[in-house]
Amino acid sequence: MALSVSTGQDIDLRVQPVAEVLDRVERSLQVRLLPNTAVRKRRSVGARTERDTWVRIERRLLDKITSQGWNGTECAACLEGVAQPAWQGCVVWRDANGSVLWRADETDLLPDPPVGNAILSRAPGLLDEWWEALNASLDALASHKTSRVATPDTVIITQALVSESIRGVFSGDFDTTVDRWMPGHADLNWANVTAPVFSLFDWEDWGNAPLGLDSASLWASSLAVPALADRVRHERRSDFESRDGKLMTLFVCSKILGPYAHPEDPRLEPARRMAEQVIDQLEGG
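For the sequence shown, counting from 1, position 260 maps to 285 in the numbering used here; every step adds exactly one.
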């Protein structure tokens with residue numbers, strides 16, 4: 026049966042009808058979704074279930090699914106030492122017209138609400154224990170081995186992508202070659218972590234990435250709150266002091282300062298200042 030959601034390129038699940046999708050997920054997972062708990066985003070919908078679990082449903086075009094598959098949340102279940110909701114199961118199907126895949130993953134509930142939006146505008150007041158748990162999870166994640174490659178923003182991260190992103194915005198006499206690649210979450214921002222109890226979720230895009238990508242991403246989403254951005258840099262200073270961490274700082278700054286920069290983005294000036302400092306350090310080193 027064809028689904029009611031349009032299968033074209035320009036889809037926003039916040040406004041598109043998804044009733045038939047939800048019905049299919051309920052039948053397949055044999056669970057009832059609670060409508061008043063639904064969270065709708067551009068390409069995903071999530072809801073609590075009657076058995077006190079969470080189901081996240083995502084729509085993705087076939088050309089956005091790499092040869093490694095589309096099972097990040099499932100694969101992340103084997104990561105020891107990383108605070109995350111336990112994975113319970115999933116259902117995957119191909120849309121009637123063949124150009125889209127849908128995937129629904131069921132996990133345990135989050136221990137607490139997400140800290141906030143992807144980009145914060147005020148300090149969240151996190152305890153020292155929260156930062157300790159963040160550090161422990163990121164360090165544990167980096168110690169694992171995987172054949173997966175991270176896909177931030179659904180794009181495979183490669184050396185070419187890193188170099189092109191940095192060179193497209195910044196000039197300077199420095200090498201953009203990444204030395205160390207290791208497992209990373211690849212979508213670390215304030216919408217994907219919980220507090221006061223720390224947990225990291227939304228694992229669709231995790232895989233090998235340059236050292237420091239996660240730390241730089243969390244820092245970039247903190248820039249509108251200077252004290253919070255400074256705390257991220259302090260807690261993850263070993264990443265930021267490394268050459269790869271400096272490159273990842275420029276990589277995330279290139280997204281803020283690049284051709285799609287918003288003139289009223291409060292992160293513009295701090296990103297510009299940090300980029301200048303990092304380029305000076307790279308050229309001097």
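In this text, a Cβ means the ideal position worked out from N, Cα and C, and glycines have one as well. Predicted model only: the values in this text are computed from it and were never measured.
For residue i, three-class secondary structure by DSSP
| i | result |
| --- | --- |
| residue 73 | strand |
| residue 233 | strand |
| residue 57 | coil |
| residue 277 | helix |
| residue 82 | strand |
| residue 64 | strand |
| residue 208 | strand |
| residue 30 | In this predicted model, residue 30 has a pLDDT of only 47, less than 50, meaning its place in the structure is not dependable; the value taken from the coordinates is given anyway. Three-state DSSP puts residue 30 in coil, outside helix and strand. |
| residue 179 | helix |
| residue 194 | coil |
| residue 174 | strand |
| residue 37 | coil |
| residue 148 | coil |
| residue 283 | coil |
| residue 186 | helix |
| residue 12 | Outside the displayed span of the chain (26 to 310) sits residue 12, for which this structure offers no information. |
| residue 162 | helix |
| residue 289 | coil |
| residue 249 | coil |
| residue 294 | helix |
| residue 213 | coil |
| residue 100 | helix |
| residue 270 | helix |
Whether residue i touches residue j by CB criterion (7 Å)
| i | j | result |
| --- | --- | --- |
| residue 133 | residue 110 | yes |
| residue 101 | residue 206 | no |
| residue 84 | residue 65 | no |
| residue 2 | residue 175 | In the structure as shown, the chain begins at 26 and stops at 310. Residue 2 is therefore absent and cannot be evaluated. |
| residue 53 | residue 116 | yes |
| residue 279 | residue 194 | yes |
| residue 55 | residue 173 | no |
| residue 199 | residue 104 | no |
| residue 79 | residue 99 | no |
| residue 230 | residue 163 | no |
Below-7 Å beta-carbon distance, residue i vs any chain C residue
| i | result |
| --- | --- |
| residue 282 | In the structure shown, chain C cannot be found, because there is only a single protein chain. |
Beta-carbon contacts of residue i that lie in its chain and below 7 Å, excluding the five residues immediately before and after
| i | result |
| --- | --- |
| residue 143 | 214, 215, 216 and 246 |
| residue 147 | 250 |
| residue 303 | 271, 274 and 275 |
Identity of the residues DSSP links to residue i by a beta bridge
| i | result |
| --- | --- |
| residue 118 | 127 |
| residue 112 | 132 |
| residue 91 | 94 |
| residue 225 | 218 |
| residue 139 | 219 |
Same chain only: Cβ atoms within 6 Å of residue i, ignoring 5 sequence neighbours per side
| i | result |
| --- | --- |
| residue 49 | none |
| residue 106 | 165 |
| residue 63 | 72 |
| residue 222 | 136 and 137 |
| residue 127 | 84 and 118 |
Cβ shell of residue i (< 8 Å), same chain only, five flanking positions each side left out
| i | result |
| --- | --- |
| residue 224 | 108, 109, 110, 135, 136, 137 and 218 |
| residue 244 | 254, 257, 258, 261, 265, 274 and 277 |
| residue 125 | 32, 84, 85, 86, 87 and 119 |
| residue 290 | 281 |
| residue 39 | 65, 66 and 67 |
| residue 59 | 72, 73, 74 and 75 |
Assumed close pair residue i, residue j - CB separation to whole angstroms, cut-off 8 Å
| i | j | result |
| --- | --- | --- |
| residue 237 | residue 270 | 3 Å |
| residue 183 | residue 192 | That belief does not hold up - the Cβ atoms of residue 183 and residue 192 are roughly 14 Å apart, past 8 Å. |
| residue 282 | residue 298 | No, residue 282 and residue 298 are not in contact; Cβ-Cβ is about 11 Å, not under 8 Å. |
| residue 212 | residue 235 | Not a contact, Cβ separation roughly 15 Å. |
| residue 293 | residue 286 | 6 Å |
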